[in-house]
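Let me begin by presenting the structure, written as structure tokens, before commenting on it.
Protein chains in written order, with the numbering used here: chain R, 56 to 374; chain X, 475 to 615; chain E, 57 to 416.
Encoded structure:
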């Protein structure tokens, strides 16, 4: 897909909306950054490639009163579907430009692959090869080796909802069963191992709330209970107890709502796998209620509803 | 009685005002003997029980948490416990993933007339928690 | 001071072990690819080849500290009366920060002006600061987003360090900067390092030349008051900001804090913890009014504090040492250097405008 088609589409819808959200070059060769286009002359700054990692749909609830155009990948489109399910946006105020996507890069994995060297240049080939030039070497990597985990099992490469689709739809070639393989694998560990793992990773948390603020479904924003003094859910102590509690607040509030865009762990400056707990709940939601978040706009999130007779929930015995 | 010979454990119980709290009262009035490890917190409905109450209790020193409400279809507010059932089931399935034994958390339904059933629930749950021993999730004193 | 020392690479752990017998030693440790300053242990995976994700400010200005504790008590004979015992917590240990990057070390000098060398010094900060020796580590390479040379520093800046360490073939050259630093290298593991001086200097110069300058205009950035006060600029430039605290919490020069009382039933603590101007609660008033209602107001303050208000108060010194963390770790790549560059006054060559709008 040439970026020119995208630019043409943006130019066109800019006549109907106040702002279009897309991607542009970031501070170096490997970073893209969100671009807010309010005038035609900014359209030429648009880029589209494997560096476009951000979930731009996240900005929609805060721009609810404006008419907004937004560029979404397949995974990002699930956010919009979930917003519609929860009544968080006015669909008629949003123009969705869909872009089929066959994977993006994970900055964390890319940096690791080049031993944290400064990257001078990066190019992407159609066959999935990524050429990286650092001070020391020029390396060819496979995109799937440096893609975020969500891309490796992506079921929705083509946006599920859009007004304009640019480029040909892509069908997923990843088996459905692979999506939660890592979760099932992790769950096989002993309780002690699992607890030790979470203690280790949550201990790193600095409570900067980047995960929460980057999360498209964390719509409480300025009123988050993690920061409220009344009720006083967590204190200002930066202890493991408080960090653990914060992450569980995030997890439980996303139960059956997480669209698995992975923005939380992408945003984390301390490399905490923040998305894992939410995906565990999603796996259970699928099993219990056959529900997958962000797929069908007419669905109802499972925690917002009930059945008088729950088919899959059996009464538990003590012990 | 089991659970009483050893050191007392910390068990937090969230009980709905209309059924389980009444059930506990019935058990008391009927002089049904129960272990004393359970600390009861009365809530208006099991639907008021935020799964995070359970998490907060476990993280801050509770060794076990029990939630009890009206039987399904018997909710004083008609559907509070239906929501509770989904939320608490979600939590029950999440805990082992975090490394917390799922047996430390139990949710059940006890009506105001079921004093004997309440006694049994408390006895059984206390016994299980005593078997599991103290919980220290965050390596803090 | 010219008494250069040299530490062989193979003696590094032994040297740290020796230090650890006398002081609490913090070293940059890599864990799951995340580098942070942690207590030195013999099996620590010390990481020197890239800057830590989070600067060692945590050692002297911890994320939270107990300023004092309260204990309440009641006597049986007087149940209506509650006694309160208040106890200060001021127990500071001799500490060494090993391999702080020069930008991280320099960050402490930004704190010093506020917490140490001011009319009302902060006893908690001063207590830790004076007991801490900082071993700076001249950067062996540059990282994405670094711009120290553009804000009046270099990757081998000695300011803030007690010793500056430079990696050369086979080991490290240690150059004492202060008396405190001199004392630390009185060790059997430190040899004479004068013959490595040239190599160290060359290395420092090489790295310095690699640091990018993001500013169009030469010299330290000077912000135009007119552009700074134009809210429409901020609104558009910061549309993408998420208003999280990653930039401030990872910043070696951000020093804002909050004080809260954290109560239990019979005891309580008065805590000081990091706060961030990027959070809405930072300026939220009891009435419910927030003078910085949106994320762009908040970011404007962050830039203003670092590049306008602080320099105005402290003889033009910027409260930014160019470590680049806020750029590198920003989830949406907000680039403070770009914002400052766009705000820079390109018309006036020599005029400096103060935040009051007057000429300095």
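Cβ coordinates follow ideal geometry from the N, Cα and C atoms, glycine included.
Using beta-carbon positions only, say whether residue i and residue j come within less than 8 Å of one another.
i	j	result
residue 62 of chain E	residue 82 of chain E	no
residue 194 of chain E	residue 158 of chain E	yes
residue 140 of chain E	residue 202 of chain E	no
residue 531 of chain X	residue 541 of chain X	no
residue 260 of chain E	residue 212 of chain E	yes
residue 597 of chain X	residue 579 of chain X	no
residue 71 of chain R	residue 122 of chain R	yes
I'd like to know if residue i contacts chain X, where contact means its C-beta is closer than 8 Å to some C-beta of that chain.
i	result
residue 281 of chain R	no
residue 253 of chain R	yes
residue 339 of chain R	yes
residue 155 of chain R	no
residue 272 of chain R	no
residue 335 of chain R	yes
residue 296 of chain R	yes
residue 332 of chain R	yes
Within 8 Å (strictly less), CB to CB, does residue i reach chain R?
i	result
residue 314 of chain E	yes
residue 476 of chain X	With a pLDDT of only 46 at residue 476 of chain X, under the threshold of 50, the placement of this residue in the model should not be trusted; the figure read from the coordinates follows. Chain R, which has no Cβ nearer than 8 Å to the Cβ of residue 476 of chain X, makes this no.
residue 571 of chain X	yes
residue 483 of chain X	no
residue 516 of chain X	no
residue 525 of chain X	yes
residue 288 of chain E	no
residue 522 of chain X	no
residue 337 of chain E	yes
residue 512 of chain X	no
residue 568 of chain X	yes
residue 187 of chain E	no
residue 577 of chain X	yes
residue 379 of chain E	no
Using a Cβ-Cβ distance cut-off of 8 Å, determine whether residue i contacts chain E.
i	result
residue 86 of chain R	yes
residue 321 of chain R	yes
residue 291 of chain R	yes
residue 207 of chain R	no
residue 167 of chain R	yes
residue 326 of chain R	yes
residue 192 of chain R	no
residue 131 of chain R	no
residue 171 of chain R	yes
residue 305 of chain R	no
residue 148 of chain R	no
residue 277 of chain R	yes
Rounded to whole angstroms, how far is the Cβ of residue i from the Cβ of residue j, which I believe are closer than 8 Å?
i	j	result
residue 150 of chain R	residue 63 of chain R	Their Cβ separation, rounded to whole angstroms, is 14 Å, which puts residue 150 of chain R and residue 63 of chain R out of contact at 8 Å.
residue 218 of chain E	residue 240 of chain E	7 Å
residue 269 of chain R	residue 132 of chain R	The pair is not a contact, with the Cβ atoms about 17 Å apart (cut-off 8 Å).
residue 300 of chain R	residue 261 of chain R	With 8 Å as the limit, residue 300 of chain R and residue 261 of chain R do not qualify as a contact, their Cβ atoms being about 15 Å apart.
residue 279 of chain E	residue 364 of chain E	6 Å
residue 176 of chain R	residue 167 of chain R	Actually they do not touch by this definition, with Cβ atoms about 18 Å apart.
residue 377 of chain R	residue 107 of chain R	No answer is possible for residue 377 of chain R: it lies beyond the span of chain R, which begins at 56 and ends at 374.
Mind pulling the chain R residues with CB within less than 7 Å of residue i?
i	result
residue 305 of chain E	261 and 263
residue 472 of chain X	This structure cannot settle anything about residue 472 of chain X, because the visible part of chain X is limited to 475 through 615.
residue 602 of chain X	373 and 374
residue 106 of chain E	171
Can you pull the chain R neighbours of residue i, defined as C-beta to C-beta under 9 Å?
i	result
residue 599 of chain X	373 and 374
residue 539 of chain X	None at all; the shortest Cβ gap to chain R is about 13 Å.
residue 595 of chain X	373
For residue i, return the contacting residues in chain R, with the cut-off set at a CB-CB distance below 8 Å.
i	result
residue 574 of chain X	246 and 250
residue 486 of chain X	Going along chain R, no residue has its Cβ under 8 Å from residue 486 of chain X, so there is no contact; the nearest lies around 15 Å.
residue 119 of chain E	261, 262 and 293
Can you pull the chain E neighbours of residue i, defined as C-beta to C-beta under 7 Å?
i	result
residue 81 of chain R	389
Name the chain X residues that come within less than 9 Å of residue i, Cβ to Cβ?
i	result
residue 365 of chain R	546, 556, 559, 560 and 563
residue 299 of chain R	529, 533, 572, 611 and 612
residue 91 of chain R	Under the 9 Å cutoff, chain X gives no residues; its nearest Cβ is about 35 Å from residue 91 of chain R.
For residue i, return the contacting residues in chain X, with the cut-off set at a CB-CB distance below 8 Å.
i	result
residue 357 of chain R	560
Problem set entry | Runs of beta strand (DSSP E) wholly within the segment 354–413 of chain E (minimum 3 residues, chain order) | none
Problem set entry | Any beta strand (DSSP E) of 3 or more consecutive residues that is wholly inside the segment 112–186 of chain E | 120–131, 134–144 and 151–156
Exercise. At what residue ranges does the segment 56–82 of chain R contain a whole run of the beta strand (DSSP E), taking only runs of 3 or more?
Worked result: 74–80
For this session: Please list the segments of the alpha helix (DSSP H) lying wholly inside the segment 242–313 of chain E, counting only runs of 4 or more residues, in order along the chain.
Result: 253–266, 281–284, 287–293 and 302–305
For this session: Could you name each continuous alpha helix (DSSP H) segment of 4 residues or more that falls completely within the segment 264–327 of chain R, going from the start of the chain to the end?
Result: 265–269, 295–308 and 318–322
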